[in-house]
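Right, one structure below, let's go through it.
Protein chains: 2
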Amino acid sequence: MATIKDIAIKAGVSVTSVSRVLNRRGYLSEELINKVHQAMEELHYQPNEVARSLQKKESRIIGLILPDVSHPFFGELTRAIESYAFSRNYKLLLCNSQLDPLKEKDYLSMLKASQVDGIIMGSHTIDTEEYLHIAQPLVTIDRRISSRIPYVSSDNFEGGVLAAEKLIKKGCKQIAYIGGNVELDLLAKKRYEGFKKEIDHSKCKLHFFQTNINGFNYEEYEELAAGIFRECPEIDGIFASSDIIAAAILKEARRLNRGVPQDVKVIGYDNVQLSRIISPPLTTIGQPIKEIGEKAVDLIISQIRKERVTVETVLPVQLIERETT
Amino acid sequence: MATIKDIAIKAGVSVTSVSRVLNRRGYLSEELINKVHQAMEELHYQPNEVARSLQKKESRIIGLILPDVSHPFFGELTRAIESYAFSRNYKLLLCNSQLDPLKEKDYLSMLKASQVDGIIMGSHTIDTEEYLHIAQPLVTIDRRISSRIPYVSSDNFEGGVLAAEKLIKKGCKQIAYIGGNVELDLLAKKRYEGFKKEIDHSKCKLHFFQTNINGFNYEEYEELAAGIFRECPEIDGIFASSDIIAAAILKEARRLNRGVPQDVKVIGYDNVQLSRIISPPLTTIGQPIKEIGEKAVDLIISQIRKERVTVETVLPVQLIERETT
Chain A
614 MATIKDIAIK
624 AGVSVTSVSR
634 VLNRRGYLSE
644 ELINKVHQAM
654 EELHYQPNEV
664 ARSLQKKESR
674 IIGLILPDVS
684 HPFFGELTRA
694 IESYAFSRNY
704 KLLLCNSQLD
714 PLKEKDYLSM
724 LKASQVDGII
734 MGSHTIDTEE
744 YLHIAQPLVT
754 IDRRISSRIP
764 YVSSDNFEGG
774 VLAAEKLIKK
784 GCKQIAYIGG
794 NVELDLLAKK
804 RYEGFKKEID
814 HSKCKLHFFQ
824 TNINGFNYEE
834 YEELAAGIFR
844 ECPEIDGIFA
854 SSDIIAAAIL
864 KEARRLNRGV
874 PQDVKVIGYD
884 NVQLSRIISP
894 PLTTIGQPIK
904 EIGEKAVDLI
914 ISQIRKERVT
924 VETVLPVQLI
934 ERETT
Chain B
614 MATIKDIAIK
624 AGVSVTSVSR
634 VLNRRGYLSE
644 ELINKVHQAM
654 EELHYQPNEV
664 ARSLQKKESR
674 IIGLILPDVS
684 HPFFGELTRA
694 IESYAFSRNY
704 KLLLCNSQLD
714 PLKEKDYLSM
724 LKASQVDGII
734 MGSHTIDTEE
744 YLHIAQPLVT
754 IDRRISSRIP
764 YVSSDNFEGG
774 VLAAEKLIKK
784 GCKQIAYIGG
794 NVELDLLAKK
804 RYEGFKKEID
814 HSKCKLHFFQ
824 TNINGFNYEE
834 YEELAAGIFR
844 ECPEIDGIFA
854 SSDIIAAAIL
864 KEARRLNRGV
874 PQDVKVIGYD
884 NVQLSRIISP
894 PLTTIGQPIK
904 EIGEKAVDLI
914 ISQIRKERVT
924 VETVLPVQLI
934 ERETT
């Protein structure tokens, strides 16, 4: 079997250069990478990464625990995390909890045991106790589970304030908030707190609706939307805590011939691609999805390097006005 | 450090049972799993999965190479693959090529070297040469890259036929096909072939449009849609090769006050959740996304077990009529 020295000779580069390419360390020119990879191929050299990871005590794998990668927000977040992790030479093990606590627990045991270098957790299940006893670097997204574990979120409170200000300014009087279940201890709850604070300071009336605790069921969003229009036809402004909930509102409004934005104004949250695709295009609170993903990866890498990290990272949001307000 | 025997005694079960839980083999009751996990936690036992995988020469990881997990079809496909792989005790390493051949090549080298147990490839880049020299089990999705490598697809040809039949039956005369670039050697091209065959047998005129080869740019879909309505205002029926392209058509039709389905009828492809959310809800060709994902995983596992596998798996599609036809 070929050795690293054989590859160096074949590629016409130093043994150190080959080692750097194999370990993806330091600055690597494309030319160098190509030379070494070509020599490896010609010599049928297959470095055993599992053996290497044992020796180096690192796997260069980050585990990502999310509720559902097919949800537009989590799909875009996963892409952001994967893309940035790749640029930092980390791979991504995707763990979809599907909001099933047993599945999540099983994944977590597996991640704890398999020497992934770090875990990014954006799960929505209730019990976070399990996460407090993880040896690896951990970062949570939109969830604060202890005073020690770094988390990244967008400025949910400010997002709620911006949405309320816009609806009030547009003349809405009967204003609804529709969001995820507040029993889930997510930072997304602050969207409601910021929204409520502004509405309470106005002369508007606030109506509160929440989804089932086992969320992410689009059919449930449609039923919720239908119920709101049926029970509170006076509502003329709606802030939904995700673009996909807002989409269900728009669909139901169209079915009932309620004009948007004439009869009822609607604001979503996230600014996923969906918000630009639906009709009418949705006014929404934009989360910096790319920055959230990159910051989470950076916080993992800093912990791996034993650097000090800040526990709280709250990134700014902005209101993006389209045609529903 | 605790041994498996210590755990067995602590949990009050046999050593074999502990081993089965650790290796996730055979029928495992929830009670047994809980007992063993509790004993492991109490004894601070951390099985080293990397060491185990070396010993057993398996990683129980499947690598998944896709163009873009945030594209609705690939997001739902990834969820289907992850969910089924998990039920078969495999984990998923997510590799997003982002249609970048260099990134894909780098991922592939890594997967070849890292002893993943198998690779599922749904990539859209042009060069598939690299995939012909992989030692691990390989399955491709919607792509036939050799006569030896198993692939899974939906019945793209039949999908095209069904779409054409519907548009003809609804009285369309000037019919457009809008799809991915045909230079990409994807089986999705057969959607056009089936569609063209039916249109050619009718008295309708066929207009053909294709996206840029570096696809998945929603803004590009909108420009394409605008160009079609501008240059061929006579078009009264459109078959788009993905729901997301169809969504761009609907958005442009709305902007131009072209009634759907009165003035122009639209059919998509995929039946992702988006097709139910947009207004009006989209008539589309439904791909069996869950079955495609499950079949791909089964074909990997069968190859791992050295079982014979069929090279071609073509799963049935169906037309789902909503409000755009």
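From first to last, the protein sequence lines stand for chains A and B. Numbered per my numbering, the first sequence finishes at 938, counting up by one with no gaps. Numbered per my numbering, the second sequence finishes at 938, counting up by one with no gaps. Where is the CB? At the ideal position from N, CA and C, for every residue including glycine. Values in this document were obtained by computation on a predicted structure and should not be read as measured data.
| query | result |
| --- | --- |
| For S683 of chain B, return the contacting residues in chain A, with the cut-off set at a CB-CB distance below 8 Å. | P685, G688, E689, T691, R692, Q886 |
| Curious, which full-length beta strand (DSSP E) runs of at least 3 residues does the region 820 to 906 of chain A contain? | 850 to 853, 878 to 883, 896 to 899 |
| Which value, in whole angstroms, describes the spacing of the CA atoms of I678 of chain A and F822 of chain A? | 27 Å |
| Name, please, each residue of chain A whose Cβ falls closer than 9 Å to the Cβ of H814 of chain B. | Those within 9 Å of H814 of chain B in chain A number zero; the least Cβ separation is about 34 Å. |
| From the DSSP output, which residues share a beta bridge with Q787 of chain A? | A:K818 |
| Buried or exposed: where does R692 of chain A fall if 16 or more other Cβ atoms within 10 Å of its Cβ makes it buried? | buried |
| Can you look up I913 of chain A in the DSSP assignment and give me helix, strand or coil? | helix |
| For L928 of chain A, list the residues DSSP reports as bridge partners. | A:S767 |
| Give the DSSP-derived three-state secondary structure of G625 of chain A in the structure shown. | coil |
| Give the residues from the region 701 to 721 of chain B that approach chain A closer than 9 Å (Cβ to any Cβ), ordered along the chain. | K704, L705, L706, L707, C708, N709, Q711, L715, K716, K718, D719, Y720 |
| May I have the straight-line CA-CA distance separating N830 of chain A from H684 of chain A, to the nearest angstrom? | 10 Å |
| I want to see whether chain A comes within less than 8 Å of R804 of chain B, judged by CB atoms only; does it? | no |
| Check whether the region 843 to 854 of chain A and the region 862 to 877 of chain A touch, using three or more Cβ-Cβ pairs below 8 Å as the test. | yes |
| Between the region 837 to 871 of chain B and chain A, which residues of the former have a C-beta closer than 8 Å to a C-beta of the latter? | I857, A860, A861, L863, K864, R867 |
| Comparing alpha-carbon positions, which option in B:E743, B:I747, B:D719, B:E717 lies nearest G731 of chain B? | B:I747 |
| Answer with buried or exposed for S888 of chain B, where buried requires no fewer than 16 other C-beta atoms within 10 angstroms of its C-beta. | buried |
| Skipping 5 residues on each side, what residues in its chain have a beta carbon closer than 6 Å to that of V765 of chain A? | I754, I905, K908, A909, T926 |
| Does the contact criterion of 3 or more C-beta pairs under 8 Å hold for the region 918 to 933 of chain A versus the region 771 to 790 of chain A? | yes |
| Using a Cβ distance threshold of 8 Å, determine whether the region 883 to 903 of chain A contacts the region 618 to 631 of chain B, with at least three qualifying pairs required. | no |
| If contacts are defined as beta-carbon pairs under 8 Å, then G773 of chain B and G807 of chain B qualify, I think. What distance do you get, rounded to the angstrom? | 3 Å |
| Look up L679 of chain A in the DSSP assignment and give the residues it is bridged to. | A:N709 |
| Where does L751 of chain A sit, in a helix, a strand or coil, going by DSSP? | strand |
| By the three-class DSSP mapping on this structure, what secondary structure does G735 of chain B have? | coil |
| Going by DSSP, name the residue or residues bridged to G792 of chain B. | B:Q823 |
| Please report how far the alpha carbon of K704 of chain A lies from the alpha carbon of L645 of chain B, in whole angstroms. | 33 Å |
| For a test of the three-state rule: what should DSSP assign to K704 of chain A, helix, strand or coil? | strand |
| Just how far apart, CA to CA, sit L928 of chain B and V752 of chain A? | 40 Å |
| Helix, strand or coil for I933 of chain B, going by three-state DSSP, please let me know. | strand |
| Does DSSP put I674 of chain B in a helix, a strand or coil? | strand |
| If I674 of chain B and L706 of chain B are in contact, beta carbons under 8 Å, what's the gap, nearest whole angstrom? | 5 Å |
| Could you check what DSSP says for E643 of chain A in three-state terms: helix, strand or coil? | helix |
| Measuring alpha carbon to alpha carbon, tell me which residue in A:V729, A:E836, A:S815, A:L912 is nearest E671 of chain A. | A:V729 |
| Count the other CB atoms within 10 Å of the CB of A769 of chain B; is the residue buried (16 or more) or exposed (fewer)? | Residue identity check: residue 769 of chain B is Asn in the sequence provided, not Ala. Classification of N769 of chain B: buried, given that the 10 Å Cβ count is 16 or more. |
| For H737 of chain A, count neighbouring Cβ atoms within 10 angstroms of its own Cβ and tell me buried if that reaches 16, exposed if not. | buried |
| If you measure from the beta carbon of S892 of chain A to each beta carbon in chain B, is any gap under 8 Å? | yes |
| Starting from the C-beta of V922 of chain A, find all residues in its chain whose C-beta is less than 7 Å away, skip the five residues before and the five after it, and write them out in chain order. | P763, L912, S915, Q916 |
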